[in-house]
Structures are given as structure tokens and as C-alpha cells.
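**Student:**
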Amino acid sequence: MPDYINVSDDLKNKDSKVRISDEVIAAIAGVAASQVEGVATMSGNIVGDISSAILGKKNKGRGVKVSSGEKEVSLDLYLNVRYGARIPEVAYKVQENVKKSIESMTDLKVTQVNIHIQGVSHEGVRAGSDA
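In case it helps, numbering that gives the first Met the number 0 puts the sequence shown at residues 0 to 130.
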């Protein structure tokens, strides 16, 4: 799996190369997913959480796994939804927003956006309320 994807085939100057790292694609996907109503947080792993805390940087690609080819990319997103959200609807909207964002910003073909719901956030939910 390459660390970078070349997207410069359509450029007039064939000697030029534009390479987009998997980390950039993950960041685009993370931001696009977090914009969807019903997404509480992206779900990272413990190593990523600790390194973010130590380095003091927010990881915009947290909870995103990128598998890239020459001209295409597939993604796995791990997220937590807000209590009361319709999970299938949230997942579909995340898939659409991530695909649209990556394809419009990179000209790469998104072949898959797999959503993994890791949890439900109860923040802001009062005891005894329905949502």
C-alpha cells in the first residue's frame, strides 16, 4: 500500500507530480464525517489517543483507515453517534459526505466507505429523556 497517491496524470507538464499522503486523505475524511449531524466523535485507538495527548495535536484523521491504490481509495471510518440519532441514516450521510469531499478535493475515485459504529455518546442527554 503506497504512502502517497499520484494524481498528476492529467497535468500538462508530465514531469510534475502531485502526491497526496494517506494522512491527508484521512484528515479530509475525518472532517467530512464530523460535519454530519448525529456524529458525536471519531473513535481512535489507544495509541493514537496517547500520542495526540502527548504531542498536544488534534488528529483530524483519527478513526480513519485508508487503503489506497493508484487512482482510487477505500476507507474504514470508526465513529460514535449521538444518542437518539438514526444510525443507518447517519452512516449513509457520512458515506456520502466523505465520498463527495475526497473526490472533489483530490480527483481520486472513492471505491468504498465502510462505517463502523463503535459507540453511542450520552453527552447532553438528561436522565429520563427520550433523546
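The beta carbon of each residue, even a glycine, is placed where N, CA and C say it ideally should be.
Source: prediction; values computed, not measured.
1. For Ala28, which residues in the same chain have their Cβ closer than 6 Å to its Cβ, ignoring the five residues on either side in sequence?
2. May I ask you to report which of helix, strand or coil DSSP gives Gly118?
3. Do Ile24 and Val72 count as a contact pair if the criterion is CB distance below 7 Å?
4. Given that a residue counts as buried once 16 or more other Cβ atoms are within 10 Å of its Cβ, and exposed if not, what is Gly83?
5. Within its chain, find whatever has a CB closer than 8 Å to the CB of Ala90; leave out the 5 residues flanking it on each side and keep chain order.
6. Is it right to say Ser67 is buried, meaning 16 or more other beta carbons lie within 10 angstroms of its own, or is it exposed?
7. Please look up how many angstroms separate the CB atoms of Thr110 and Ile19, rounded, as I've assumed it's under 8 Å.
**Tutor:** Once the coordinates are examined:
1. Val63, Leu74, Val97
2. strand
3. yes
4. exposed
5. Within its own chain, the residues whose Cβ lies closer than 8 Å to the Cβ of Ala90, once the five positions on either side in sequence are excluded, are Ile114, Ile116, listed in chain order.
6. Label assigned to Ser67: buried.
7. With a Cβ gap of about 16 Å, Thr110 and Ile19 do not count as contacting.
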